[in-house]
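So the structure is just underneath, and the comments pick up after that.
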Amino acid sequence: MARSFPGGPPVVKAALGYDIDKEDLGGYEIHTRISGVVNNAADTEEDAMEQIRRFLSYLPDNVWEMPPRNEPMDDPERRDERLLSIIPREKRHRYDPRVILDGVFDQGSFFEISPDFGKSRITGLARANGYPLGVMINNNMHLGGSMDVDAAEKSIRLIQLCDTFHLPLVFLMDEPGFLVGLESEKRAIERAGTRLVYATAMSTMPMVSVILRQAFGLAGSLQYRPGKSLYQRYAWPSGNWGSMHIEGGTSAAFRRVIEQADDPEAKRLELEQQLQTYASPFRTAEAIGLDLIDPRDTRSLICDFVELAQSIIKTQLGPGSGPTYWP
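Residue numbers (our numbering): 106 to 432.
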């Protein structure tokens with residue numbers, strides 16, 4: 106069983122004065138679940154070799170070559186009926202994001218990277234009509250899909266990978282925003298969030314984003330990247346977006362009005378109800394030029410996007426000109 110550390114248990118004992126075994130210090134559990142140093146674990150050597158072969162199958166042999174296309178085995182016009190009702194009407198109800206991955210990308214093609222780290226966002230590689238691409242989707246089943254420090258770091262790594270090997274990026278967004286609270290502040294969410302915003306803005310790869318349910322706050326703005334290479338964005342009719350949620354945002358934006366009311370709670374509810382009348386995705390999408398689509402058409406649109414992206418990628422071969430990062 107492999108372990109990873111800059112100094113083993115004897116070094117730790119000499120330097121820090123406590124005993125610890127190799128597994129607790131640098132075993133797979135700490136590095137795949139807590140530190141994120143290791144992306145994927147394997148049960149056997151055969152499993153490890155298979156994961157490596159599959160991962161490399163999405164990448165070119167070097168940065169001067171086009172990403173390899175597999176023979177398409179899935180109809181690019183396939184429409185998965187599950188997508189029509191996958192998003193619950195009740196905002197607090199959960200759904201399985203992997204159903205969406207299965208419905209949108211070539212069946213069986215998704216390879217997850219770091220499945221046990223930063224679990225509020227699922228990242229990996231997939232294929233659309235045989236073409237490889239990078240994929241990110243919020244996992245509403247962990248922290249409500251909020252972007253915490255680990256998920257931000259994991260997302261940055263995927264963007265770096267795609268910029269290096271010229272893979273298009275697909276964002277499937279159900280983003281409530283960066284994770285708030287004391288523990289998040291202790292881990293410097295602002296720094297991790299800023300690095301992710303910078304990485305997304307500076308990426309030169311073709312990108313498409315689809316708002317599935319929500320895109321709020323600075324984390325939600327990651328679906329918007331104008332003026333950088335090929336860029337497309339869509340939203341499902343179930344989508345909502347903005348700088349802040351109506352629930353909670355109303356209390357902040359109208360704090361003085363609410364406090365001065367005879368019945369502050371009733372006033373807050375009244376204001377929220379008024380704002381909800383303007384929150385129709387049809388109204389707001391038209392105002393900002395965002396295309397609303399039938400969820401079942403997501404696959405065909407992404408297949409069209411990745412086909413179009415190939416001509417752009419041909420002009421970007423060589424060492425990546427994407428973002429550099431500060432510590």
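Beta carbons are placed, not taken as given, at the ideal position from N, Cα and C, and that holds for glycine.
Within the same chain, show all residues whose beta-carbon is closer than 6 Å to that of serine 162, passing over the 5 residues directly before and after it, in chain order.
none
What are the partner residues of aspartate 402, as DSSP defines its beta bridges?
Looking at the DSSP assignment, aspartate 402 forms no beta bridge with any residue, so it has no partner.
Short of 6 Å in beta carbon distance, which residues of its chain neighbour leucine 274, apart from the five on each side in sequence? Order them along the chain.
Gly239, Cys267, Met310 and Met312
If you reduce the DSSP assignment to three classes, tell me which class alanine 119 lands in.
helix
Just verifying my parser: in three-state terms, what is the DSSP assignment at aspartate 207?
In the displayed model, aspartate 207 falls within a helix according to three-state DSSP.
May I have the straight-line CA-CA distance separating lysine 291 from lysine 259, to the nearest angstrom?
19 Å
Could you check the C-alpha separation between alanine 132 and glutamate 370 for me, to the nearest Å?
For the sequence presented, residue 132 should be read as glycine rather than alanine. Going from the Cα of glycine 132 to the Cα of glutamate 370 covers about 51 Å.
Tell me whether the region 197 to 208 and the region 293 to 311 touch, counting them as touching only if at least three CB pairs, one residue from each stretch, are closer than 8 Å.
no
Roughly how many angstroms separate the alpha carbons of valine 168 and glutamine 421, rounded to a whole number?
9 Å
Taking isoleucine 294 as the reference, give the member of Leu413, Ile135 and Gly223 with the closest Cα.
Gly223
Using the rule of at least 16 other Cβ atoms within 10 Å of the residue's Cβ for burial, across every protein chain shown, is histidine 271 buried or exposed?
buried
On the DSSP bridge list, what partners appear for valine 240?
Gly229 and Val275
Under the rule that 16 or more other beta-carbon atoms within 10 Å means buried, what is glycine 344, buried or exposed?
buried
Using 8 Å for Cβ pairs, my map puts valine 143 next to serine 109. What's the rounded Cβ distance?
The beta-carbon separation of valine 143 and serine 109, rounded to 7 Å, stays under the 8 Å limit for a contact.
Tell me the residue span of the alpha helix (DSSP H) that contains arginine 159.
150 to 161
Measure the beta-carbon distance from proline 173 to proline 181 and round it to whole angstroms, keeping in mind my assumption that it falls under 8 Å.
Rounded, the Cβ-Cβ distance is 18 Å, inconsistent with contact.
So the candidates are Ser225, Ile218, Pro220 and Gly235; which of them puts its Cα closest to the Cα of methionine 178?
Gly235
For the candidate residues Pro193, Tyr200, Arg183 and Pro220, whose alpha-carbon lies nearest to that of glutamine 212?
Answer by Cα proximity: Arg183.
Using 8 Å for Cβ pairs, my map puts proline 202 next to isoleucine 227. What's the rounded Cβ distance?
Contact flag correct, Cβ pair sits at about 6 Å.
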